[in-house]
Structures are given as C-alpha cells and as structure tokens.
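Peer 1:
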Amino acid sequence: MMKKLAVAALLALLTLAAALPAGASMSKYSAVFTDTFDTVISLIGFAESEEAFNQQAAAVHAMYQRLHKLFDTYNSYEDEGIVSIYTLNQRAAKESVAVDPLLFSLLSFCKSNSDLCAGQVNIAMGSVLSIWHDYREAGLDDPEHASLPPMDALLAASEHASLDDLILDSEAMTVRFADPELKLDVGAVAKGYATELIAQMLLSGDMPSFVISAGGNVRAGHAPQDGRAKWGVGIQDPDGSVLGLTDIVETLYLSDLSVVTSGDYQRFYVVDGKTYSHLIDPDTLMPGTFYRSVSIITEDSGFADMLSTAAFLMPYEESRAFIESLDGVEAIWLFADGTMELTDGAKQWAKSFGATNQ
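Structure (structure tokens):
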C-alpha cells in the first residue's frame with residue numbers, strides 16, 4: 054500500500070502558513086502537480102504576481118515531467134526520443150547507450166557516493182528490487198494471496214548487482230553494462246536528485262523564496278517573504294491519517310535546506326499480518342525494520358534522499374555514527390514505540406527544542 058498525501062494536508066505539512074503582512078511586495082502562491090514521480094508534488098513560492106508565479110510553476114512542472122521520464126525504471130519513452138532507466142536496462146548490456154546529461158549526472162552521482170553510504174544504496178540492485186516490486190504489486194492486487202519473494206531468487210539476482218559493472222564514459226556520455234543481467238533502479242535517489250535540480254533552477258531565477266514537497270522530499274529555498282525567517286516543515290506521524298497538523302510529530306523551522314524522509318509507511322504490503330516496506334537491505338535482501346522513519350536535514354536534496362535510505366537500513370548506533378561523521382548533515386530517527394532521537398544539530402531547528410520561525 055502507498056499512502057498518498059491529500060493535497061490540503063500536504064500543503065499544511067509543508068508550511069505553517071502565516072497571513073501575508075499588509076504592504077508586502079511579494080505574494081504567496083501555490084501549485085500542485087500529480088502526474089510525475091508517482092506522488093503529489095507541491096510548490097509554494099513568493100512572486101511579484103500570479104503571472105510570474107505561474108511561469109515559474111510551469112517551468113518546475115515541465116522539468117519534473119522530463120526528469121520523471123529520464124529516471125523511470127518501468128516505462129519506455131523511446132518514441133519521444135528519451136532514453137530512460139528502463140531503456141538502459143533493455144539495451145546497455147548489448148551496446149554503449151548515449152544518454153541525456155541529466156541522467157548521466159544522476160548515475161555518476163549514485164556510483165561515486167555508494168562507498169560513502171557503506172553500500173546501503175546501490176542502484177545496481179535493480180534485479181533484486183524488481184522481484185520485490187512484482188511481489189508487492191501482486192500482494193496489493195490480491196491481499197489474500199500475498200507472499201514473499203523466494204530467497205533463492207533474491208540471492209540469484211543479488212549476484213548481478215555490482216556497480217563495477219556499470220560502465221560510465223563521461224567523454225562520450227554513454228552507459229554500458231559489463232554484466233548482461235545487471236539492472237538499474239534509481240528509486241532511492243531520483244526524487245531528491247530531481248528536486249535539487251529544480252531547486253537550483255529556482256534559486257538562480259526570479260523566485261528564490263519557495264518550498265517544494267515531493268513525496269517525503271522537502272526542499273526549502275530562501276526565507277519566506279512574509280515576515281517569517283524560516284519555513285515550517287512537518288515530520289509526519291507514520292500512523293497518522295494525514296488530515297491535519299495533529300499528524301505531525303515534530304516541526305522543523307529552516308530555510309535553504311532539505312528535509313528528506315524514508316519510512317516504512319510510504320510503500321508497503323502485508324503478508325500474513327506483517328508489513329513489508331519497499332526499503333530493501335542489500336545485505337539481508339529483506340526490508341529494513343529498525344525504524345518507522347528516518348529524516349535527513351542537509352542542503353542537497355539528492356544527497357539527503359540517498360542518506361535517508363542508507364541511515365534507515367542501519368542499526369541505530371551505526372546509523373547515528375554514520376550521520377555524525379558527515380559535515381552539514383543532521384537526522385531524526387522515529388522508532389516503532391513512538392520515541393524519537395535527534396542529532397544535536399537537528400535540535401536547533403526543532404520546535405520541541407525551542408526553535409521558532411522568527
């Protein structure tokens with residue numbers, strides 16, 4: 054099951070909105086997109102006019118649509134002249150495939166940062182993740198007969214998950230698979246990476262005061278232009294109905310930062326009364342079970358997306374040490390019993406530790 058946030062609730066989670074002060078030169082506008090990355094994406098921004106905002110929103114929407122197609126594991130867009138992850142999985146073991154620079158940059162980013170994440174985020178695990186995807190979809194379609202993938206199939210697939218077999222040629226901008234059974238899946242990073250590209254576009258344009266929410270990925274630009282110094286970003290209660298602010302377990306006040314959450318409540322299915330999430334541990338080949346969610350706070354949304362998955366798949370002491378070893382990165386861990394742990398740096402933004410939007 055995938056919990057999809059209602060639009061009104063998503064906007065509430067994004068920003069604890071204050072009324073625009075009289076005489077303000079910039080006004081607040083919002084837009085919602087529902088046709089990319091299989092989630093609801095919200096944009097709030099301060100612009101000189103509704104027309105100016107709509108121009109920015111249209112550019113954001115178009116870029117999300119383009120990136121969705123490039124990063125898509127399950128669909129071909131070759132009739133549009135687009136080489137997607139799906140196309141690479143079909144062709145790159147047979148020949149070197151030229152790709153869009155944006156897709157090449159994502160693959161380079163993931164490959165170069167895999168060691169930093171202790172191998173917990175491996176985009177070459179597509180064959181393993183595809184098996185889990187198929188069983189999850191079948192279980193959602195027919196819950197009474199939901200089942201787990203056989204471990205022997207997962208183990209066999211994991212034999213073809215080496216990033217060394219992903220050959221990237223930066224001069225020719227081509228991709229090739231040295232292992233004919235290698236498959237890519239960039240789902241652990243794609244939304245965050247796309248959101249950061251779009252954030253940089255907005256920051257360099259006429260609407261640098263904004264906040265984007267894309268299915269657990271929040272990217273705040275410059276401070277809101279309404280007298281507040283910070284945006285308010287809510288950390289969701291995994292068991293909440295997402296009907297209002299009572300479903301927020303913590304509020305962070307920040308700007309020019311990302312907050313990205315990985316959780317077991319976002320995509321899951323149930324087998325014999327037990328929930329199995331989409332976050333698969335590359336060591337056990339089973340879903341991680343240490344937390345309900347892990348939220349990462351750092352500037353780059355793509356980096357935060359990768360780190361949230363890695364931290365989710367590590368035991369707490371290891372996960373905390375991992376995060377504390379990184380400069381400019383903070384985290385919040387939410388456990389099954391409802392307790393929460395924050396890095397010391399995260400507390401400076403947390404409402405429960407005295408932070409405000411002033």
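Position in the sequence shown counted from 1, then plus 53, gives you the numbering used here. C-beta atoms are modelled at their ideal positions from N, C-alpha and C, and glycine is treated no differently. As the structure is a prediction and not an experimental result, all values here were calculated from the model.
1) With DSSP as the reference, identify every bridge partner of Lys327, one or two as the case may be.
2) Quick check on the burial criterion: 16 or more other C-beta atoms within 10 angstroms. Buried or exposed for Ser372?
3) May I ask you to report which of helix, strand or coil DSSP gives Leu193?
4) Could you give the residue range of the beta strand (DSSP E) that holds Thr304?
5) In the structure shown, what three-state DSSP assignment does Met367 receive?
6) Pick helix, strand or coil for Ser266, following the three-state DSSP scheme.
7) Take every Cβ of the stretch 247 to 256, pair it with every Cβ of the stretch 272 to 286, and state whether three or more of those distances are shorter than 8 Å.
8) For the candidate residues Gln278, Asp325, Glu103 and Ala84, whose alpha-carbon lies nearest to that of Ile94?
9) Can you tell me whether DSSP reads Pro291 as helix, strand or coil?
10) Reducing DSSP to helix, strand and coil, say where Met204 ends up.
11) On the DSSP bridge list, what partners appear for Arg272?
12) What would DSSP say about Arg373, mapped onto helix, strand or coil?
13) In the DSSP assignment, what are the bridge partners of Glu383?
14) Applying the criterion that 16 or more other CB atoms from any shown protein chain within 10 Å of the CB defines a buried residue, is Ala145 buried or exposed?
15) Give me the residue from Ile350, Pro291 and Asp358 with the minimum Cα distance to Gln401.
16) Since Ser165 contacts Glu234 with CB under 8 Å, what's their CB separation in whole angstroms?
17) Looking at the structure shown, is Met359 part of a helix, part of a strand, or coil, going by DSSP?
18) Would DSSP call Pro277 helix, strand or coil?
19) Since Val136 is in the beta strand (DSSP E), which residue starts that stretch and which ends it?
20) Does Asp187 come out as helix, strand or coil in the three-state DSSP assignment?
21) Would you check if the stretch 187 to 202 and the stretch 148 to 155 touch, i.e. whether three or more CB-CB distances between them fall below 8 Å?
22) Does Tyr318 come out as helix, strand or coil in the three-state DSSP assignment?
23) Tell me whether the stretch 257 to 267 and the stretch 368 to 383 touch, counting them as touching only if at least three CB pairs, one residue from each stretch, are closer than 8 Å.
24) If the criterion is Cβ atoms closer than 8 Å, does the pair Asp238 and Ile184 meet it?
25) Starting from Arg345, follow the alpha helix (DSSP H) in both directions and report where the run begins and ends.
26) Candidates Thr126, Asp232, Ala241 and Pro203: which alpha carbon is nearest Ala167's?
27) Unbroken beta strand (DSSP E) runs of length 3 or more, entirely within the stretch 205 to 235: which are they?
28) Looking at the structure shown, is Glu101 part of a helix, part of a strand, or coil, going by DSSP?
29) Can you check which of these residues, Leu338, Asp358, Trp386 and Ala403, is closest to Cys163 by C-alpha distance?
30) Using the Cβ count rule (16 or more neighbours within 10 Å means buried), how would you classify Ile220?
31) So, for Val312: in the same chain, excluding its five sequence neighbours on each side, which residues have a beta-carbon less than 7 Å away from its beta-carbon?
32) Does the beta-carbon distance from Leu201 to Val323 come in below 8 Å?
33) Go to Leu395, then tell me how far its beta strand (DSSP E) extends in each direction, as first and last residue.
34) Hey, Ala389 and Arg345 are a contact pair by Cβ (cut 8 Å); roughly how many whole angstroms apart?
Peer 2: Quick look at the numbers:
1) Taking the first residue of the sequence shown as position 1, residue 327 is located at position 274. Paired residues: Val324.
2) As a first step, residue 372 must be located in the sequence shown, where it is residue number 319. It is buried - the Cβ of Ser372 has at least 16 other Cβ atoms within 10 Å.
3) Here the question's residue 193 lines up with position 140 in the sequence shown. Reduced to three states, the DSSP call for Leu193 is helix.
4) For this step, residue 304 is matched to residue 251 along the sequence shown. Thr304 -> beta strand (DSSP E) spans Ile301 to Leu307.
5) Here residue 367 is taken as the residue at index 314 of the sequence shown, counted from 1. Coil, per DSSP.
6) Counting from one through the sequence shown, the residue named residue 266 turns up at place 213. Looking at Ser266 - three-state DSSP - the assignment turns out to be strand.
7) Counting C-beta pairs with one atom in each stretch, the stretch 247 to 256 and the stretch 272 to 286 have three or more that are closer than 8 Å, which means they touch.
8) Sequence index remark: in the sequence shown, residue 94 carries index 41 (1-based). Out of Gln278, Asp325, Glu103 and Ala84, Ala84 has the C-alpha closest to the C-alpha of Ile94.
9) Mapped onto the sequence shown, residue 291 falls at position 238. Correct three-state label for Pro291: coil.
10) The sequence position of residue 204 within the sequence shown is 151, counting from 1. If DSSP states are grouped into helix, strand and coil, Met204 belongs with the helices.
11) Along the sequence shown, read from residue 1 onward, the residue named residue 272 stands at position 219. The partner list for Arg272 (beta bridge, DSSP) reads Ile265 and Ser311.
12) Residue 373 sits at position 320 when you count from the first residue of the sequence shown. Helix, per DSSP.
13) Along the sequence shown, one-based indexing puts residue 383 at 330. Paired residues: Ile350.
14) In the sequence shown, the residue the question calls residue 145 occupies position 92. It is buried - the Cβ of Ala145 has at least 16 other Cβ atoms within 10 Å.
15) Walking along the sequence shown from the start, residue 401 turns up at place 348. Nearest neighbour of Gln401 by Cα position, chosen from Ile350, Pro291 and Asp358, turns out to be Ile350.
16) Taking the first residue of the sequence shown as 1, we reach residue 165 at position 112. Taking the first residue of the sequence shown as 1, we reach residue 234 at position 181. About 23 Å separates the beta carbons of Ser165 and Glu234, which is beyond the 8 Å limit, so they are not a contact pair.
17) For this step, residue 359 is matched to residue 306 along the sequence shown. If DSSP states are grouped into helix, strand and coil, Met359 belongs with the helices.
18) The residue labelled residue 277 in the question sits at position 224 within the sequence shown. Here Pro277 sits in coil by DSSP.
19) Along the sequence shown, one-based indexing puts residue 136 at 83. Element bounds for Val136: n/a, residue is neither H nor E.
20) For the purposes of this step, residue 187 is taken as the residue at position 134 of the sequence shown. Correct three-state label for Asp187: helix.
21) Counting Cβ pairs under 8 Å, fewer than three are found: no touch.
22) Within the sequence shown, residue 318 is the residue found at index 265, counting from 1. Looking at Tyr318 - three-state DSSP - the assignment turns out to be coil, as it is neither helix nor strand.
23) The stretch 257 to 267 is not in contact with the stretch 368 to 383.
24) As a working note, residue 238 is residue 185 in the sequence shown. As a working note, residue 184 is residue 131 in the sequence shown. No, the pair does not count as a contact, with Cβ atoms beyond the cut-off.
25) As a working note, residue 345 is residue 292 in the sequence shown. Unbroken run through Arg345: none, as it is neither H nor E.
26) What you label residue 167 is simply residue 114 of the sequence shown in a count that begins at 1. Note that residue 167 corresponds to Ser in the displayed sequence, not to Ala. Looking only at Thr126, Asp232, Ala241 and Pro203, the smallest Cα-Cα distance to Ser167 is reached by Ala241.
27) You should have 219 to 222 and 227 to 230.
28) Reading the sequence shown from its first residue, position 48 is the one you call residue 101. Reduced to three states, the DSSP call for Glu101 is coil.
29) Position 110 of the sequence shown, counting from 1, holds the residue named residue 163. Closest by alpha carbon: Asp358.
30) Position 167 of the sequence shown, counting from 1, holds the residue named residue 220. Ile220 should be labelled exposed.
31) Numbered from 1 along the sequence shown, position 259 holds the residue referred to as residue 312. The residues are Val271, Val286, Leu305, Ser348 and Ile350.
32) What you label residue 201 is simply residue 148 of the sequence shown in a count that begins at 1. What you label residue 323 is simply residue 270 of the sequence shown in a count that begins at 1. For Leu201 and Val323, no; Cβs fall outside 8 Å.
33) Sequence index remark: in the sequence shown, residue 395 carries index 342 (1-based). For Leu395, the enclosing beta strand (DSSP E) has its first and last residue at Met393 to Leu395.
34) The residue given as residue 389 occupies position 336 in the sequence shown. The residue given as residue 345 occupies position 292 in the sequence shown. Contact between Ala389 and Arg345 holds, with the beta-carbon distance rounding to 6 Å and staying under 8 Å.
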